[in-house]
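Below you'll find the structure, written out as structure tokens, and then a few comments.
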Amino acid sequence: MSAEDHTVDTIAKLVRMANQIARNLTHDKDPVAAIAEHIHAFWTVRMQEQLFAHGPEGLDPLAIAALERLALGARDQGHAVR
Amino acid sequence: MGYEPQADFGTPEVRSETPVTLSPVTLSPVTLSPVTLSIDGREVSVPAGTTVMRAAAVSGGSIPRLCATDSLKQYGSCRLCLVEIDGMRGTPASCTTPVAPGMVVHTQTEKLQKLRRGVMELYISDHPLDCLTCSANNDCELQDMAANVGLRDVRYGYEGDNHLGAETDSSNPYFDFDPSKCIVCSRCVRACEEVQGTFALTIDGRGFGSKVSAGLASDDFLSSECVSCGACVQACPTATLNEKAVKAIGKPERAVITTCAYCGVGCTFRAEMRGEQVVRMVPWKDGKANHGHSCVKGRFAWGYAMHQERITRPMIRERIDQPWREVSWEEALGHAAREFRRIADTYGNNALGGLVSSRCTNEEGFLVQKLVRAGFGTNNVDTCARVCHSPTGYGLKTTFGTSAGTQDFDSVDDSDVILVIGANPTDGHPVFASRMKRRLRQGAKLIVIDPRRTDMVRSPHIAADYHLPLRPGTNVAVLTAMAHVIVTEGLVDEAFVRERCDGDEYRDWADFVSDERNSPEFLAPVTGVDADLVRGAARLFATGGNGAIYYGLGVTEHSQGSSTVMAIANLAMATGNIGRRGVGVNPLRGQNNVQGACDMGSFPHELSGYRHVSDPEARALFEAEWGVAIDPEPGMRIPNMLDAATDGAFKGLYVQGEDILQSDPDTKHVAAGLAAMECVIVHDLFLNETANYAHVFLPGSSFLEKNGTFTNAERRIQRVRKVMEPVNGYEDWQVTQELARAMGLDWNYTHPGEIMDEIARLTPSFAGVNYDRLDADGSLQWPVNAAHPDGSPIMHVDGFVRGKGKFVVTEYIPTDERTGPRFPLLLTTGRILSQYNVGAQTRRTENTVWHGEDVLEVHPSDAENRGIRSGDWVRLASRSGETTLRATVTDRVAPGVVYTTFHHPATQANVVTTDYSDWATNCPEYKVTAVQVTPSNGPSQWQEDYDNQAAQSRRIMAEPAE
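Chains as they are written, first to last, in this note's numbering: chain S, 9 to 90; chain H, 4 to 965.
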């Protein structure tokens, strides 16, 4: 078995994960906050930065809004989990 | 403790508090006042309903008996336990006579002794007199009774018709059945029925021709339905059913109480020893999880611990294409420490990580996560709960406030309706399944939600009232449809919801589920379940009395795993089934210490006791104790680590007691991730599949070789006790400590009890736990603290941990994994009784006689379309990969669904599974993969390549003698 023939698109996975989170939190009272908080609570800084760097392409509108909120520095205001 | 069999009181204990009916409205338990009587002049008080036999035993006496034992209901057949009772005619059997107030009993009179001697004389007239060379010599109740009644002579002689020539059935790999020694007391038959619930044994024939028979007349023990749980062997009063190991080794000389290292039931065993050799593992009657019962794995499949493939010396290599080189512990640990330091210096601390084992002890898990957080300086620690019950953690924490099952196992005795979803307890959690089946035979109702017709759906004396054979991946839709019925038909327990749950959230949820698009009729095309079945099941669950939900990995291992857990919690809250015996939400944990590994802070976002790393108060506690700063940001989960490794950002992994290459999904991706790392340390008993990609191998110790604690699925913390010295030289916590010391950490634990003390200092739910208390109490169920000084068998009794119970809207969001023309079938995976997880342990035991390879279950119509017959090789392919295995054609699976197990590396079912995962936790979607099945001639190219790579990788260099 060779590992070389195996290609991985980590960014595509992160996009999929963010969209999954967004779709599952749409019923929250404040979905954008809920999505941002979920990602903040469970993703590493590097994973978040990879998605920031990737930009909005392929992302659900709610996920885009959540990432914008995260990038705007929800982090600086301390941990955002309600 | 020396070797003394456990006390046997003859008949079962009677609970003084007994709920008396199974009516829809559960009556409050009735407390019966004790009964006082006199036995041979001794006054004794026992609960009403107790037998005279038990009362005599409780008061220190012993009435001779053969057909009675306290694990079984009284039977009254051997006529040895006769007693005289003042005012009563004749000589009643003490095992079937209940006590009465003021009763005066005589158990040892001249008349009784004569009658008993006569009975024994008949037994012995047809029993071989080879006591001195018999495997049960000095451990035989028949022998004891002959001594007890003073049998000196058999007047009938030994020449008459007898059974002495009957042949021994040695077909079971672990025990023999020697009918020549059978006294037909029926204890084995009754144990199979009452304790195990399999009904594999029967008494065949009548009178003199009566004999114990397994299965049909044409069967032997192995070919019968016998599941080799050992209950019959345990119950047998003679050498008729006896362990082969006892025959080979002899009678044990000492016994040590310890905890089984297989599934999450956490059975307590007596390890019966001769020196450092295990003679047998016998289920301990005082074990609160198993009450003296066992399964084929815990009872018999411990031989792996002494298997010749155990690696006992540390090994290193520079590259994974090189053979291993055996080195000293010092060299191996020094090399590992230098490599990890180099990686941290070159790539940063976050290029390192560790995996906590769910098979190791709490103390060992705690040290691994401490090493990662305090030594590596990162939160990159995860555990195999990631791939099994992480959605339980998320879902129950969100809804109830803490990540744990709500009940103890005994609670099932008070359940009126049992709902089993995505779990196969007869195979995965067999000892608890026996408890559940006993309750079902008493009349409790059963709802099974599962794509397969599991043994719970229909087996002897068990039939599900409702089986909802849903399409894999539609759990949320089915549960929401059930909630729709409960809300729209006015079956909600409104008083409970009003008092215990958040009202606004409840109303939002109720509006959501009431929507027509969540009705069983609307969802039937999605779930594949007939709407009437869903309605019937929902009505039964809501109105049938105490409703208990038991679930397993068929719930969690989906894209919607966390949503399904929350949907289960919603259902329990809406029907008021939380906070008392007989009800609750009960995750059946896969491995022995999954609960413990999670409790110990093995997740990258949590410190022990489920406190987020961003919580400054929690961090401050650890920082003060450990003298280091803890990163407030979460670390990587296993799949994130593998992704980062293929990206070049993650370089070093310490894996204790897990085999991620075999157990984790999308094998090719796991292999690529491991291959991209610069230093992989595998700490294990064997050169497992992951070790094919390792640079350092640290030999591990088995559960028989270490001290510590495991925490089972009911939050029960139990001691694991060392019964032999570790063949590798160190217990696993010592190996981790030595690695930490090699990396410059000043750790000086001398016993795991000191690690538990640290856990208790740092973890509020463990505050009252220590080894002295565990030794005194046998076990404790967390939380154990000031509010719950004796632990917590049942949680959320007076209110939810989070305050008000939280209803969560669980929209059904289908997985992205879809069937189509290329991959038209759905593969779902699971377990089988005789094998455990990746099989590293059970494949190295005789359990392989029951399951030597993974097979693919295919429905007859799908098989016919493809020209596949049972036994044929088939190719199983998905977009991730393909493998080959043999097919078995069965209607246990629905058309369109195929099923296999993942116990054998030769099959590698996970080559086929995908990287899709639960939305909240990344728990992999093992249970839904779109596949195609086609006839095949033999192993795939991938399998051949894999075998070659594994063989190359496992080479160990021949070393010149030191």
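Where is the CB? At the ideal position from N, CA and C, for every residue including glycine.
Assignment of beta strand (DSSP E) within the stretch 712-736 of chain H, counting only whole runs of 3 or more residues, yields 719-723 in chain order.
Not one beta carbon of chain S lies nearer than 8 Å to the beta carbon of residue 928 of chain H. Contact of residue 77 of chain S with chain H is not assigned, every C-beta pair being separated by 8 Å or more. DSSP places residue 914 of chain H within a helical segment (H, G or I) once states are collapsed to three. Annotation for residue 430 of chain H: the continuous alpha helix (DSSP H) segment containing it runs 428-431. Straight-line measurement puts the Cα of residue 12 of chain H at about 7 Å from the Cα of residue 61 of chain H.
Residue 677 of chain H is not a Cβ neighbour of residue 335 of chain H, given a cutoff of 8 Å. Contact of residue 814 of chain H with chain S is assigned, a C-beta pair being separated by under 8 Å. Within 10 angstroms of the beta-carbon of residue 83 of chain H lie 16 or more other beta-carbons, which makes it buried. Taking a Cβ-Cβ cut-off of 8 Å, the neighbours of residue 29 of chain S in chain H comprise 922 and 923, given in sequence order. Among the residues of chain H, those whose CB is under 8 Å from the CB of residue 53 of chain S are 636, following chain order. The Cβ of residue 222 of chain H sits no closer than 8 Å to any Cβ of chain S. Where residue 700 of chain H is concerned, the enclosing beta strand (DSSP E) starts and stops at 699-702. Boundaries of the alpha helix (DSSP H) harbouring residue 758 of chain H: 755-765, taken from the DSSP string.
DSSP places residue 642 of chain H in the uninterrupted alpha helix (DSSP H) bounded by 641-650. Using beta-carbon distances, residue 62 of chain S does not count as an interface residue toward chain H, since no partner is under 8 Å. Residue 226 of chain H counts as exposed, since fewer than 16 other C-beta atoms from the protein chains shown sit within 10 angstroms of its C-beta. The Cβ of residue 353 of chain H sits closer than 8 Å to at least one Cβ of chain S. Using beta-carbon distances, residue 44 of chain S does not count as an interface residue toward chain H, since no partner is under 8 Å. DSSP places residue 559 of chain H in no beta strand (DSSP E) but in the uninterrupted alpha helix (DSSP H) bounded by 556-559. Within chain S, no C-beta atom comes less than 8 Å from the C-beta of residue 365 of chain H; the nearest is roughly 24 Å away. Here residue 298 of chain H has 232, 433 and 434 as same chain residues with Cβ atoms under 6 Å from its own Cβ, once five neighbours each way along the sequence are excluded.
Annotated three-state conformation of residue 625 of chain H is helix, per DSSP. Runs of beta strand (DSSP E) with 3 or more residues, each lying fully within the stretch 647-691 of chain H, are found at 655-659 and 682-687, listed in chain order. Taking 8 Å as the cut-off, the Cβ atoms of residue 409 of chain H and residue 713 of chain H do not count as close. For residue 666 of chain H, the CB contacts under 8 Å within the same chain, skipping 5 residues up- and downstream, are 387, 390, 840, 841, 905 and 913 in chain order.
It is roughly 5 Å from the alpha-carbon of residue 693 of chain H to the alpha-carbon of residue 662 of chain H. Less than 8 Å divides the Cβ of residue 645 of chain H from the Cβ of residue 672 of chain H.
With fewer than three CB-CB distances shorter than 8 Å, the stretch 195-203 of chain H does not count as touching the stretch 250-257 of chain H. The C-beta distance from residue 715 of chain H to residue 755 of chain H rounds to 18 Å, too long to fall under 8 Å, and the pair is not in contact.
Between the beta-carbon of residue 292 of chain H and that of residue 284 of chain H there is about 15 Å, and that puts the pair past the 8 Å contact cut. Residue 725 of chain H sits close to residue 708 of chain H, with the two beta carbons spaced by under 8 Å. Interface flag for residue 338 of chain H against chain S is unset, since no Cβ pair is found closer than 8 Å. Counting only runs that start and end inside the stretch 772-796 of chain H, the beta strand (DSSP E) elements of at least 3 residues fall at 782-784. Flagged as an interface residue toward chain S: residue 615 of chain H, by a C-beta distance shorter than 8 Å. Interface annotation, residue 680 of chain H: not in contact with chain S, CB-CB separation never under 8 Å.
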